[in-house]
Structures are given as structure tokens and as C-alpha cells.
Amino acid sequence: MALVTMSINWLRYHEPNTTDSSTTPCHHTRPLDYLIAGYDQQLNISLNSQILYNFRAKYLPPVGGEIDGEIIVTDHKLYFLATYRCKYFYVNCDTANITEIWLKHHQHQEKAYEIFLDTNQSLFFSL
Numbered sequence: 000m001a002l003v004t005m006s007i008n009w010l011r012y013h014e015p016n017t018t019d020s021s022t023t024p025c026h027h028t029r030p031l032d033y034l035i036a037g038y039d040q041q042l043n044i045s046l047n048s049q050i051l052y053n054f055r056a057k058y059l060p061p062v063g064g065e066i067d068g069e070i071i072v073t074d075h076k077l078y079f080l081a082t083y084r085c086k087y088f089y090v091n092c093d094t095a096n097i098t099e100i101w102l103k104h105h106q107h108q109e110k111a112y113e114i115f116l117d118t119n120q121s122l123f124f125s126l
């Protein structure tokens, strides 16, 4: 008896939907796809060029705090992609716009870099 009810329940769960399929189209999307699609389109990143360096880092904004992520350096661009997909934060700059790179101290170690851009901005990363 238990086997019969289990197979009936299995059939109910796996049988195709009996509603009118002509009025409701069937869309199959990946779970949480709406979160990823909008973020990736917003970044507008094109990695057609060769990746020269790729390493984990933390961005240290001037207002305080740390943003974990990954630095990607290509032939022409420098990208910083946040690990937790901060919707309103990303770095996308041309390497031609970099004027200086300084080695800095962060938490008593020489493991941070400050990148100065020709737009009078600087980016501070800790490795």
C-alpha cells in the first residue's frame, strides 16, 4: 500500500502540467539569474584581450571599509570585480590612464598599492 501511494505521489509530482499551455508560455531560467544578468550588463566588461595578471585583493575606499574582490589586468584595462557583487561599485580603467603606482603600508606590512590616475583620482588596494 505504501509503495502504491509513493508511486502515485511521484507521478503527480513528475507529470506534465495539465493547464492550457497555449495561453502560458514556458520559460526556463536559472535560479537567481535576474541578479547576475543585470550586474554583468551594468559592468560592460569585455575580456577579449589577454589577461596578464589576475589576483585576489581588497579595495580600500577613502570613506573606510574594505571590499573583497579580484583584480584583473589585461593589455589595455584594469578591472576590479567585487566578490559579493556590489551593485554600484566596480573599477574599470585604461592602463594608459595610470600615471603612478606606489607601494604602501597597510596593517604594518608592505602589501598595499595605490594607483594614481590622470584624472586626479587614486585607487588603494591591499593584497
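Note that numbering that gives the first Met the number 0 has the sequence shown beginning at 0, numbered continuously upward. Where is the CB? At the ideal position from N, CA and C, for every residue including glycine.
Between residue i and residue j, which are expected to be in contact by the criterion C-beta below 8 Å, what is the C-beta distance as a whole number of angstroms?
i: L116; j: N96; result: 5 Å
i: E65; j: L80; result: That belief does not hold up - the Cβ atoms of E65 and L80 are roughly 15 Å apart, past 8 Å.
i: D67; j: Y83; result: 7 Å
Compute the distance between the beta-carbons of residue i and residue j, then report whether it is under 9 Å.
i: I71; j: I100; result: no
On the DSSP bridge assignment, give the partners of residue i in chain order.
i: Y78; result: I71 and N91
i: L51; result: The partner list for L51 (beta bridge, DSSP) is empty, contrary to what the question assumes.
i: K103; result: A111
Using a Cβ-Cβ cut-off of 8 Å (strictly less than) and excluding sequence neighbours within five positions of residue i, which residues of its own chain qualify?
i: S20; result: At S20, the pLDDT of 49 sits below 50, so the modelled position is not reliable; the number obtained from the coordinates is stated separately. Closer than 8 Å at Cβ, skipping near neighbours: no residue.
i: S121; result: E113, I114 and F115
i: N119; result: none
i: H107; result: none
Out of the options, state which residue places its alpha-carbon closest to the alpha-carbon of residue i.
i: I114; options: H107, Q106 and N91; result: N91
i: H75; options: Y83, D93, G63 and N53; result: D93
i: F54; options: S121, S48, Q120 and T73; result: T73
i: S48; options: G63, V62 and Y78; result: Y78
Give every residue of the same chain whose Cβ lies closer than 7 Å to the Cβ of residue i, excluding the five residues on either side of it in the sequence, and list them in chain order.
i: L102; result: E109 and Y112
i: T98; result: F115, L116 and D117
i: Q41; result: Because the pLDDT at Q41 is just 48, under 50, the model does not fix this residue reliably, and the value given afterwards should be weighed accordingly. Around Q41: no qualifying Cβ.
Residues in the same chain with beta-carbon distance under 6 Å from residue i, minus the five sequence neighbours each way, listed in chain order, please.
i: F123; result: L59 and E113
i: K57; result: E65, D67 and S125
i: H105; result: A111 and S125
i: Y52; result: V72
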